[in-house]
Structure formats: structure tokens, C-alpha cells
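Student:
Chains as they are written, first to last, in this note's numbering: chain H, -19 to 412; chain C, -19 to 412.
Written out as C-alpha cells, the structure is:
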């Protein structure tokens, strides 16, 4: 028996794995990377080395591979508490096989040259689509490859999975920030700022905006935010101003969470509604100043506004422990699926219970993930469109639960910077 | 002896204390309040009750006093980890005695009615001036009162004291945020954002901007931020753009920390330089979008920008432990000075050593504090004007050292909301 087993191992030697980060990075995408790398090392009969793509899929196309086996162990551990994309990420969507056969042929040439048999793609909806296409290469181009997608998106808009890694940490960041800024405004409102606007991410789905709403907490007497503006709800200036007016008269101040992606009745982004610079150029971006200006002009109320931008998605210092744990578990599950030969799938979080919060991981077919966007259900938003319902709170609360602080040195998080040693190239260059 | 001592106590019974928060609130001004209240309770022979002004000095003028002795102990403890002004703050500067005798007479009437013999004013430079005026009431209006100022300002612009409570926590917040956003941009720069701009507070002094610079750390290989724009340095667009261009060519990306208060050669705030809305109104505030737009227009580089606004000064979740300790110690020292009869002073932090960081507290005369603004020394800024020197780092680093996390419940900080029970009014109303 011992001989036969040794023989069968010889018959299918381990093959290398490719891992890449894709799209906007998060506070915890590196935690999934850690999960992938550490789990792969537990299957030496199946998986050889884990090569990471430098700057995502571009690293595969240009044969710019990183040998994670050469990274000091402390750095791999450090992925568990370091935000951003440690190997570099990119925004680069592969076209269909028909439209760009050249890129797929190149990918296969690189995979062949480095004996890559496993493909792990860590990204959102667009990336799931890329991963799906690559999972089909086995059939369409006769190259044996197991492709598994590792979910990631702060927008929380992936279908099937109960939530997406990265979202819980952004949610915690915006809820904490809104709570703190809300207390600030409340304590100054008598003689100073009456209206505060915080702009958050989520261009098409209001999940992050909704998370701001968690700051409002009756038990502690925290009233802010009183108004949320979701991309799912058409922005009506008159209705909005009347609500601000009502809240300021009632509470003495009003804190507002607004999605960068709210639109007017004409379908245009409010952020793009009319600001021009001194040279007459349209000024893009920043819905918060537009909203604040509207309040100032129409209600004559003193206001302040903040735009969290990258601060929210990079804020590893205040990550949710739930999010960190799920990010690791999903990276781990992706490898476990791959070694079982499950191709074209994505590990997804399944919620078993909200109170107490219990979850497990199930395999979701990529065809059902790719290019589907999960927006906020209407019953997660109050009837007037300006806040979240209890149902939404029950969904969101467990996702921000628990703290997972990074280690500090000299007052700052001791985030690691990987060495990212390159794998020697074997092929001629390739132009993107 | 026992009889004599009892007699002398009877001769000077304890008098009540008044405490008020003034100006912009911080993440740790309540920690000073806790220091004042808890220390006052240690001197029952000298100090009776501590009354807090609701919404700062306005509470004294309108006889809207809060009886802190009625606040549950858990809430007083909670001041140690709750940001904002728990009693309410205000922006209200008393005029000179000549200009507004009516307000001073009212203050004395309120103090007399509630037997207030101690006045603690927790604020910045303007407030120090108010406190100084009130400390002179003893002489000028024959009312016995001991007035002590408790320092507070995120701007760090108070003279004499080595640093100001509130600053260390903002400094830590902006350094951590810049570190995290810098890693984010670095990992995306290959195909996406090349320039990131973070706007921070500090309209006249560049201390907070300087603190962004702490994120740059050779030991960890953290290169962001590469450019800082201080209010102390005239903003020259051409020089700035050429530096951005150089940095992006060298590092692949550029992260910029900018003070809200930078000015052009003509002395105008850059934030006010030309943005107008669709109706032709000047759009105030927000230097970050102006800088980002300049970069986009002139260098054609994709950019993102963030405005931290209140998030930075309210961020108790990432407060510096040094700052928390000093805030408490200064509140405590203020009471100790007062019971010694030291009038018209402010406890100030004196730095004894930077490495290791050692400090103590000394009394500074208010006349030397009021209305003096401490800007960044030129040798804290590099020759080219775009970064901080090692000397500045040595000054700043201890101020962000240590973490002092609040307790959490359900994923959010368990910040307290005081009951703030009112003291019964004894006087006729007063109109401001």
C-alpha cells in the first residue's frame, strides 16, 4: 500500500498556484491572501509554490510573478493585519475569449511555463467574471486548470454570499466615524455647526451608507445620523431639505450619511451637478460639498462636511473581527475547494443565524456570481427613504462586531511591506 | 488641635466650582473634565460641587448649570473614553470688561447665587483670554474667584505648553489614516489612482499637517506621504506640480497631506480660489478638491481626495495614550493649582526628554498664553517646504505614542451620554 500511494503521488506531482488581487483593495484582502498561502502549504502533495501576480492579473500577463515561498514567515503573518493589496492590485478586465484570444493564450503560456495548475482570483463582481472565463480555459483551450474566486468588495454587492470580505470593516469604520462626528456636532450645535455631512463609498449599492446608520443607538442616546441618502433612492432636494429642517428643529442638529452615488430624478449623479472651477471646467467628485452647499443656501444653516474616500476602505486599524475571520476563512476554503478539484466556484458566507451570529461557508458557482449586483432590499430602508429599518440593523450588526487591532510600534500600526521577490522569467516579454 | 482645625474649616467653608468646555471639541477634552471632577472630589474641605456650564460659558451666563455630583459614577468614568464635549461647548468670546460690563456682572451674579469660588475653563487661545479676564474679576469687581485655564486645542498652537491636549490624538489619527491610504494608493497605482490628497485641519498652524508626515517610515518601507502643504509655506502651484511630477515618476504614486489653511502668494486661502456652483455662488471650503483638480488638469494624473474634517478631532477610537494621560493630568493639575489659590494660570506640559519621552506639568501665567499662536518653527519643515525634518519627527513622535482604546459593545465604542441634570435656577433670565 505504501508503495502504491508513493507511486500515485509520483503520477500526479504537485502543481503551483497563482494568486492575484483585483480591483479596489480593502483593509482585509491581505487576510484572504494569508489564508490562501498558509492553507496551500498544508497540501504539499497537491500544491507546490504559491506565485502572486504583481499588480494583479497584469502580473500573469507580463510574467511578473512573486514567489511567496521566499517571503519571510513574519511577513506572511503580517498580511493578517496589513491593509491594501500587498502584491499590488489592478483594474483590468479581460475581454471575452472571442474578443481577445491573444491574452488568454498568453495566460496559458505563462501558466504552462510555471506549471500553474491552480488559479485564485481575489476580487469583486468583475473579477468573478474574469475568474469564470479562466475556469473555462480547461475546456476551451485544453489546459488543465482549477480556478477559484475569493470574494472581496467593500461595496458588499456580490450575490449569493451573505456578505463580502472588506465590507464589514468599512461598515465598522463609517459607523464609528459617524458616531464620533455626531457627538462632536451635537456638542457644538448651540452656537456653531448644525449640519454635518459624511460622504461614503458605494456608487450603486447603499450598503456602506446603511452602515452609517448603525451609529444611531437608542440605548446610548446616540441620535446621529438622522438622515441617510442611498443610491437606491432618487434624491429629491425639496423633500431632503424639509427633513433636515424638521430634524434640526427637533434635535438641534442633523448628521447626514450620503453615498457618493446618489442621483437626481434625471438619473445624473448629484456629485456632478454643476460645480465648475474658475476656468469653467466641470468639477467632478464630492457629493458632500454639493449637499452641504444646498443646506447652507436653502436653510441658512452652518455646516461641515467630510469625504472619507480611501480612508474608509484602508482602515485596518478599526477592522471588524468578524470581517477579518471571514476573510481568512474564505481564502482557506478557496484552497480546500481547489485541491478537491472544484473548478469555477467561489466560497460564500452563509448566515445560519443573526442572534447569536453563526455562519459557515458554502461553494457558489461563479456563473451565478459574475456580473450580478446585489443592491439594498427596499425593506432595509425606511418608508420615507431616509434611514435603515430594524431588519437592516439585524443584518448589519454582526458584520461590524469585534475588534481586531493590528500591533503598533512607536504609535503607528506595524504594517508590513513585503519583499515580493520575483520569479525568474522564462518567456519573451508581452505588451498589454 | 482637633477643635482648632475644625474651627478653621468652619471659617472657610468649601465653595463650588464651575467647569466649562470652550471652542472646538476634541477626542479627549472630556478626559480633562474627568480629571477636574475626580480631583475636585479629593478636596471636599475646599471644593463643594462641580457645576458644569451647559454649552460652555453660555451656561454660566444663562444660569444653565449642570450638577456633576448627580451624574452616575460610571458616566464620570466614561468621560475618560468619550469624545466631543459631554456638557456642550460653544464658540462665544467675552468682550473686554469695558465693552461689555453687563456680561461680567451677570457672571458674578450667577457665581454668587451658586457660591462658585473656582472657575475652570477648558479651551484654546481665545478661551485662555476669557479665563484671564475672569481671573481679574477678583480685583476689578471685588468678587473672590480663582480662575484656572485647562488647555485644549487640536491645533497645538498654544504657547509655553510643549503640546496641547487633543492634538496628540488628531496627530495619531491623521498619521494612521495617511499610512493606510498611502498603502492603498501604492497598491493600485499601476493602473489606477496615482495621486491622493488628504485635507486636514489647522487653519493657521501646520502641526496636524506635519503629523501626517509621521506615516513616512523608512524602517517599514512606507513612503507616503511624499508631499505636505503647510499653512506656514506659501503655496506655489508650479513648484508643487513639479514636485508631484518628480515623485510620481520616482515612486509610481504620490500621497499629499494638505492643511485647510494654505494660501497663495496673494494671501488668499487656496480653498476659496475660484470654485463656483451652478448658480454662480462661490463654493467655500475644501482645499483637497482644488489641489486634486489642479493635479488632474495640469499633470493628467488620476487622483482621489479625502477631507477628514470632524472625523479627525472626534476620533477617540484611535486616540494617543500620551494625549489621554496628559489630558487627565492637566485637568487634575488645574484643580490642584486652584486649591492652592493660584489664580490666572494654566497647567502646561513641559518636555523633559524626547527619548525616552518624559514630561511634567508646570504653571504658566495666562497673560503669556492668551492670544499667542504657536506656529511650526521653520526648522521643523524641510528646506523645499514639502516635508518635516527629523527635528520635527523627534518632537511629534512621543505625542502619538500608545493606544488607549475605548470599550466596545456590539461592534461600536460604548461612548457615554451624560444625564446632565440641571441645577435649580435662582436668578431671573438673561438674554445673550
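All C-beta atoms in this analysis are idealised placements derived from N, C-alpha and C, irrespective of residue type, glycine included.
(1) Just by C-beta distance, which residues in the region 139 to 161 of chain C are closer than 7 Å to chain H?
(2) Using a Cβ cut-off of 9 Å, pull out every chain H residue sitting near residue 171 of chain C, in sequence order please.
(3) Do you know offhand how far residue 225 of chain H's Cα is from residue 176 of chain H's?
(4) With a threshold of 16 other CB atoms inside 10 Å of the CB of residue 404 of chain H, please say whether the residue is buried or exposed.
(5) Leaving out five residues on either side along the sequence, give the residues of the same chain with a beta carbon under 6 Å from the beta carbon of residue 90 of chain C.
(6) So with Cβ pairs under 8 Å, would you call residue 383 of chain C a contact of chain H?
(7) Just to confirm the assignment: which complete alpha helix (DSSP H) runs, minimum length 4, are found wholly within the region 329 to 407 of chain H?
(8) Inspect the CB distances between the region 206 to 223 of chain C and the region 355 to 365 of chain C and report whether three or more fall short of 8 Å.
(9) Hey, quick one: how far does the beta strand (DSSP E) through residue 167 of chain H stretch, first residue to last?
(10) I need the DSSP call for residue 292 of chain H, collapsed to helix, strand or coil.
(11) To the nearest angstrom, how far is it from the Cα of residue 415 of chain C to the Cα of residue 343 of chain C?
(12) Are the CB atoms of residue 306 of chain H and residue 63 of chain H nearer to each other than 8 Å?
(13) Should residue 54 of chain H be labelled buried (16 or more other beta-carbon atoms within 10 Å of its own) or exposed?
(14) Note down the Cα distance separating residue 67 of chain H from residue 303 of chain H, rounded to an integer number of angstroms.
(15) Using C-beta distances below 8 Å, list every residue in its chain close to residue 228 of chain H, excluding the 5 sequence neighbours before and after it, in chain order.
(16) List, in chain order, every chain D residue whose beta-carbon is nearer than 9 Å to that of residue 380 of chain H.
(17) Could you tell me which of C/284, C/329, C/289, C/274 sits nearest to residue 239 of chain C, measuring between CA atoms?
(18) If you compare alpha carbons, which of C/131, C/189, C/337 is closest to residue 178 of chain C?
(19) Measuring only between beta-carbons, confirm whether residue 46 of chain C sits less than 8 Å from chain H.
(20) Does DSSP put residue 29 of chain C in a helix, a strand or coil?
(21) Starting from residue 47 of chain C, follow the beta strand (DSSP E) in both directions and report where the run begins and ends.
(22) For residue 56 of chain H and chain C, any beta-carbon pair shorter than 8 Å?
(23) Quick check on the DSSP output: the beta strand (DSSP E) that includes residue 102 of chain H runs from which residue to which?
(24) Residues in the same chain with beta-carbon distance under 8 Å from residue 347 of chain H, minus the five sequence neighbours each way, listed in chain order, please.
(25) In whole angstroms, give me the CA-to-CA distance for residue 107 of chain H and residue 65 of chain C.
(26) In the DSSP assignment, the beta strand (DSSP E) including residue 15 of chain C goes from what residue to what residue?
(27) Is the number of C-beta pairs between the region 215 to 224 of chain H and the region 266 to 276 of chain H that are closer than 8 Å three or more?
(28) Let me know if residue 17 of chain H comes out buried or exposed under the rule of 16 or more other beta-carbons within 10 Å of its beta-carbon.
(29) So who's on the other strand from residue 327 of chain C, going by DSSP bridges?
(30) Any contact of the region 321 to 338 of chain H with the region 151 to 169 of chain H, i.e. 3+ C-beta pairs under 8 Å?
(31) In the DSSP assignment, find the unbroken beta strand (DSSP E) run with residue 237 of chain H in it and report its ends.
(32) Does residue 206 of chain H come within less than 8 Å of chain C when only Cβ atoms are used?
(33) Which residues in chain C have a C-beta closer than 7 Å to the C-beta of residue 326 of chain H? List them in chain order.
(34) Using a Cβ cut-off of 8 Å, pull out every chain H residue sitting near residue 293 of chain C, in sequence order please.
(35) On the three-state DSSP scale, how would you describe residue 420 of chain H?
(36) Can you pull out the residues from the region 188 to 202 of chain C whose beta carbon lies closer than 8 Å to at least one beta carbon of chain H?
Tutor: In terms of the structure at hand:
(1) 152, 155, 156, 157, 159, 160, 161
(2) 35, 36, 38, 69, 70, 71, 72
(3) 13 Å
(4) exposed
(5) 40, 43
(6) yes
(7) 370 to 376
(8) yes
(9) Taken as a continuous stretch (DSSP letters only), residue 167 of chain H belongs to no beta strand (DSSP E), being part of the alpha helix (DSSP H) at 147 to 168.
(10) helix
(11) Residue 415 of chain C falls outside the range modelled here, since chain C spans only -19 to 412, and no answer is possible.
(12) no
(13) exposed
(14) 20 Å
(15) 174, 175, 234, 279, 281
(16) As a matter of chain content, chain D is missing from the structure shown, whose protein chains are H and C.
(17) C/289
(18) C/189
(19) no
(20) strand
(21) 45 to 47
(22) no
(23) 96 to 103
(24) 112, 324
(25) 46 Å
(26) Where residue 15 of chain C is concerned, there is no enclosing beta strand (DSSP E), although the alpha helix (DSSP H) it sits in stretches over 9 to 20.
(27) yes
(28) buried
(29) C/343
(30) no
(31) 234 to 239
(32) no
(33) The premise fails here: residue 326 of chain H is roughly 22 Å from chain C at the closest Cβ pair, so nothing lies under 7 Å.
(34) 164
(35) The structure shown does not extend to residue 420 of chain H, since chain H is modelled only from -19 to 412, so the question has no answer here.
(36) 194, 195, 197, 200, 201, 202
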